[in-house]
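In this note's numbering, the protein residues as written are 8 to 298.
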Ligand code: NAD
């Protein structure tokens with residue numbers, strides 16, 4: 008079994024980005040500038056957004072964190088987005104999801120200038136991704152492609168089973184892996200909460216991408232020997248023995264599934280860190296595009 012080490016790989020990617028940023032600066036060019044907007048005080052969201060800002064510092068990007076209160080109106084958030092769209096100093100920005108219930112997430116996603124949409128959530132960018140045109144690929148699926156690439160995991164002609172059909176993970180993952188691209192050319196089955204006989208399907212998979220958000224859902228009896236397993240799930244489980252009071256658990260029963268796997272991502276330290284590295288990659292791309 009080979010561990011697909013997202014922590015190490017993302018650190019390599021950040022080093023590569025830092026070299027590129029240093030080159031830009033040497034040439035007298037501006038460093039990429041990422042802004043992140045967060046509404047409210049959700050603990051997990053704050054952790055993610057802070058990690059993104061910290062990653063910017065590490066690679067030499069400029070970063071701006073905009074914290075808005077939980078009761079911020081949709082109108083005020085849209086006006087903040089408008090300001091970022093028109094701020095020439097900002098190359099790319101993200102609005103951390105989920106948003107409070109009184110704000111229409113789709114409206115917010117639509118308001119972001121597609122050229123600054125480094126999360127790749129705007130329909131223009133999703134459409135380009137689906138057509139295999141150059142665009143910002145959303146960070147989590149992009150990170151999974153990169154991880155498979157760097158570990159030379161063969162996808163061409165393989166049967167990939169994706170569990171989960173969300174707009175940010177399952178759906179784009181299934182589209183990307185089926186496309187004619189370096190990490191792609193797979194035969195993809197996308198499954199979801201209404202899928203029947205899921206186990207029968209996962210048992211046929213050469214690669215399983217688990218993105219449903221149910222801790223330790225994928226068990227050893229659901230996979231064949233030699234499978235590659237990508238665990239996207241992150242659930243906080245209360246754990247008094249931990250300093251933070253919780254531990255992070257993936258969608259895969261790692262101890263048992265890893266024994267049958269040829270490659271597997273751990274949680275934490277797998278897909279999560281890759282997501283941040285690819286957000287930086289998209290921001291660098293946004294900067295270069297604007298030059
Ligand atoms: P979501 O809640 O939007 O979607 C879950 C999907 O799972 C749905 O499509 C649903 O149909 C499917 N599903 C639910 N129960 C199922 C079942 N019993 N069998 C088959 N399919 C089932 O989730 P999401 O936003 O895609 O996130 C999934 C998980 O990935 C969560 O734990 C989330 O925290 C995590 N996540 C991690 C990263 C990262 O960077 N590592 C990024 C995004 C999401």
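Every residue, glycine too, gets a C-beta built ideally from N, C-alpha and C.
Short CB-CB distance (under 8 Å) between residue i and chain D
i	result
residue 233	The structure shown contains no chain D; it holds only a single protein chain.
The ligand NAD heavy atom lying under 7 Å from the CB of residue i
i	result
residue 216	no
residue 239	yes
residue 16	no
residue 219	yes
residue 172	yes
residue 181	no
residue 205	yes
residue 127	no
residue 199	yes
residue 242	yes
residue 35	no
residue 272	no
residue 177	yes
residue 282	yes
residue 202	yes
residue 168	no
residue 147	yes
residue 50	no
residue 195	no
residue 276	no
residue 67	no
residue 47	no
residue 279	yes
Buried versus exposed, by CB contacts within 10 Å (16 or more), residue i
i	result
residue 26	exposed
residue 110	buried
residue 70	buried
residue 129	buried
residue 126	buried
residue 76	exposed
residue 86	exposed
residue 294	buried
residue 247	exposed
residue 163	exposed
residue 235	buried
residue 153	buried
residue 170	buried
residue 12	buried
residue 231	exposed
residue 8	exposed
residue 244	exposed
residue 54	exposed
residue 132	buried
residue 257	buried
residue 118	buried
residue 289	buried
residue 213	buried
residue 78	exposed
Bridge partner(s) assigned by DSSP for residue i
i	result
residue 185	According to DSSP, residue 185 bridges with nothing at all.
residue 138	DSSP, once it has assigned bridges, lists no residue as partnering residue 138.
residue 196	168
residue 124	100
residue 205	DSSP lists no partner for residue 205.
residue 10	271
Scan the stretch 26 to 109 and note each continuous alpha helix (DSSP H) run of 4 residues or more that stays entirely inside, going in chain order.
-> 50 to 66 and 81 to 93
Would you call the stretch 123 to 142 and the stretch 181 to 189 touching, i.e. three or more CB-CB distances under 8 Å?
-> yes
In chain order, each beta strand (DSSP E) run of at least 3 residues that lies wholly inside the stretch 209 to 291 = 214 to 217, 234 to 238, 242 to 245, 253 to 256 and 268 to 271
Three or more C-beta pairs closer than 8 Å, one from the stretch 189 to 203 and one from the stretch 220 to 228: is that the case here?
-> no
At least three beta-carbon pairs within less than 8 Å, the stretch 72 to 88 to the stretch 15 to 23 | no
The stretch 91 to 105 / the stretch 251 to 271 touching (three or more Cβ pairs under 8 Å) | no
Please confirm if the stretch 11 to 20 is in contact with the stretch 41 to 53, defined as three or more CB-CB distances below 8 Å between the two stretches.
-> no
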